[in-house]
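Peer 1: Handing you this structure, nothing more for now.
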Amino acid sequence: MSARLALFLTLVATAAFGDDDEGTLRERSHKLYGNTSFRLVGLGQFQSGTNPGHPGAGTYSRFSFGLAFEGGYLGLYTQFGTLQGIEFRVTAGFSLAERYADPPETPGSGGLLLRPEAAWVFCPRFLRWNDWRVLALAGLGLELDGARWSDTWRAFATLGVRLQVFLSDDDSVSLGWRWMPGTANGALLLRTHGAELVVALGSLHLGARAQLDLAGTAAGPGLAWQAGLLGGYAF
């Protein structure tokens with residue numbers, strides 16, 4: 122009975138996922154972004170929320186702009202077929218000062234932004250196929266932001282997952298989610314949830330990002346959201 126059940130499940134899986142071309146699978150396995158493993162991305166982002174350090178000032182808003190270099194290597198295999206590698210991203214830019222509903226509470230004039238981060242990436246064999254795959258990420262990073270009200274620096278860890286669907290040899294769609302459980306800076310307790318959608322049309326990559334920030338300080342809690350657009354060139 123168990124042998125028949127195993128045979129049935131094997132046939133169902135084969136019908137669901139289709140034939141697996143090992144050559145195509147191995148070729149795509151090494152690529153992180155569409156049909157490449159490196160890209161240069163321009164970013165524009167808007168943020169709005171409440172600042173517990175300025176009670177009664179209403180919501181704030183600010184814009185930031187930057188350029189990110191992203192890349193990595195994905196090509197280490199375990200004996201069980203799990204694909205592993207490393208991914209990095211270095212973002213540099215400028216953040217405008219926060220603008221509040223009550224103008225007297227508007228501080229500063231902006232500041233430089235620098236955010237280097239790296240992640241270990243892995244993908245089990247059963248989540249890697251010719252036309253799609255699911256990657257898991259665990260990373261560390263550091264952010265310096267001279268225009269932020271809460272803390273000008275923060276070290277953090279992230280966990281994430283990314284679904285990639287290959288539409289052709291050159292085109293793909295990527296949907297990712299990342300969770301930051303906290304930061305190393307004692308001035309602020311921050312947890313974030315972020316999502317990213319990117320469409321790769323050959324070397325042209327276009328997408329959007331969204332993030333929810335849950336903050337806590339001695340003065341009370343804070344809540345903010347961020348949204349942005351990105352456009353890049355992969356090589």
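The opening position of the sequence shown corresponds to residue 122 in this note's numbering, with each subsequent residue numbered one higher. In this text, a Cβ means the ideal position worked out from N, Cα and C, and glycines have one as well.
Compute the beta-carbon to beta-carbon distance between Leu121 and Leu318, rounded to the nearest angstrom, for a pair I have assumed lies under 8 angstroms.
Peer 2: With the chain covering only 122 through 356, there is no way to say anything about residue 121.
Peer 1: Please classify Leu288 as buried or exposed, where buried requires at least 16 other C-beta atoms within 10 Å of its C-beta.
Peer 2: As a working mapping, residue 288 is identified with position 167 in the sequence shown. By the neighbour-count criterion, in which 16 or more other beta carbons inside 10 Å mark a residue as buried, Leu288 falls on the exposed side.
Peer 1: Assuming contact is defined by CB atoms lying nearer than 8 angstroms, are Val255 and Val282 in contact in what I supplied?
Peer 2: Here residue 255 is taken as the residue at index 134 of the sequence shown, counted from 1. Here residue 282 is taken as the residue at index 161 of the sequence shown, counted from 1. In this structure, Val255 places its C-beta atom within 8 angstroms of the C-beta atom of Val282.
Peer 1: Excluding the five sequence neighbours on either side, which residues of its own chain have a C-beta within less than 7 angstroms of the C-beta of Leu248, listed in chain order?
Peer 2: Taking the sequence shown and counting its residues from 1, the one referred to as residue 248 is at position 127. Cβ neighbours of Leu248 beyond the five flanking positions: Arg254, Val255.
Peer 1: Is Gln168 buried or exposed, if buried means 16 or more other CB atoms sit within 10 Å of its CB?
Peer 2: The residue given as residue 168 occupies position 47 in the sequence shown. With 16 or more Cβ atoms within 10 Å of its Cβ, Gln168 is classed as buried.
Peer 1: Flag this pair as yes or no: are the beta carbons of Gly193 and Leu153 separated by less than 8 angstroms?
Peer 2: Indexing the sequence shown from 1 puts residue 193 at position 72. Indexing the sequence shown from 1 puts residue 153 at position 32. In contact: Gly193 and Leu153 (Cβ atoms closer than 8 angstroms).
Peer 1: From what residue to what residue does the beta strand (DSSP E) around Leu296 run?
Peer 2: The residue given as residue 296 occupies position 175 in the sequence shown. Residues 292-301.
Peer 1: Give me the Cα-Cα distance between Val320 and Pro237, rounded to the nearest whole angstrom.
Peer 2: Within the sequence shown, residue 320 is the residue found at index 199, counting from 1. Within the sequence shown, residue 237 is the residue found at index 116, counting from 1. Pairing Val320 with Pro237, the inter-Cα distance amounts to about 23 angstroms.
Peer 1: Please say whether Ser230 and Leu195 have beta carbons closer to each other than 8 angstroms?
Peer 2: The count along the sequence shown starts at 1 and reaches residue 195 at position 74. The count along the sequence shown starts at 1 and reaches residue 230 at position 109. Not closer than 8 angstroms, so no.
Peer 1: Kindly identify the DSSP beta-bridge partner or partners of Thr171.
Peer 2: As a working note, residue 171 is residue 50 in the sequence shown. DSSP, once it has assigned bridges, lists Thr180 as partnering Thr171.
Peer 1: What does Thr199 pair with, by DSSP beta-bridge criteria?
Peer 2: Residue numbering aside, residue 199 sits at position 78 when the sequence shown is read from its first letter. Beta-bridge pairing links Thr199 to no other residue.
Peer 1: What residue range does the beta strand (DSSP E) around Asp266 cover?
Peer 2: What you label residue 266 is simply residue 145 of the sequence shown in a count that begins at 1. Its beta strand (DSSP E) spans residues 253-266.
Peer 1: Which first and last residues belong to the beta strand (DSSP E) in which Leu280 is found?
Peer 2: Within the sequence shown, the letter at position 159 stands for residue 280. Counting along the chain, the beta strand (DSSP E) containing Leu280 begins and ends at 274-287.
Peer 1: Checking 8 angstroms against the spacing of the C-beta atoms, do Leu311 and Gly323 come in under that value?
Peer 2: Translated into positions along the sequence shown, residue 311 becomes position 190. Translated into positions along the sequence shown, residue 323 becomes position 202. At the C-beta level, Leu311 and Gly323 stay beyond 8 angstroms of one another.
Peer 1: Around the Cβ of Gln285, are there at least 16 other Cβ atoms within 10 angstroms (buried) or fewer (exposed)?
Peer 2: Locating residue 285 in the sequence shown gives position 164, counting from the first residue. Buried, by the Cβ-count rule.
Peer 1: If Leu265 sits next to Glu208, beta carbons under 8 angstroms apart, how far is it from one beta carbon to the other, in whole angstroms?
Peer 2: Reading the sequence shown from its first residue, position 144 is the one you call residue 265. Reading the sequence shown from its first residue, position 87 is the one you call residue 208. Contact doesn't hold; Cβ gap of about 21 angstroms is too wide.
Peer 1: Note down, one range per segment and in chain order, each beta strand (DSSP E) of at least 3 residues found wholly within the stretch 322-349.
Peer 2: 325-338
Peer 1: What does DSSP give as the partner residues of Ser216 in its beta bridges?
Peer 2: Taking the sequence shown and counting its residues from 1, one reaches residue 216 at position 95. Ser185, Gly232.
Peer 1: Can you give me the C-alpha to C-alpha distance between Thr279 and Leu261, rounded to a whole angstrom?
Peer 2: The residue you call residue 279 lines up with position 158 of the sequence shown. The residue you call residue 261 lines up with position 140 of the sequence shown. Each residue's alpha carbon lies about 6 angstroms from the other.
Peer 1: CB-CB under 8 angstroms to Pro342, same chain, minus the five flanking residues each way: which ones, in chain order?
Peer 2: Numbered from 1 along the sequence shown, position 221 holds the residue referred to as residue 342. Once the five neighbours on either side are set aside, the close Cβ partners of Pro342 are Pro173, Leu335, Ala336.
Peer 1: Please list, in chain order, all residues of the same chain as Leu217 whose beta carbon is under 6 angstroms from its beta carbon, the five residues on each side excluded.
Peer 2: Residue numbering aside, residue 217 sits at position 96 when the sequence shown is read from its first letter. Counting only residues of its own chain and dropping the five nearest sequence neighbours on each side, Leu217 has a CB closer than 6 angstroms to the CB of Arg183, Phe184, Gly231.
Peer 1: Any idea if Phe277 is buried or exposed, counting beta-carbon neighbours within 10 angstroms, 16 or more meaning buried?
Peer 2: Within the sequence shown, numbered from 1, the residue matching residue 277 stands at position 156. It is buried - the Cβ of Phe277 has at least 16 other Cβ atoms within 10 Å.
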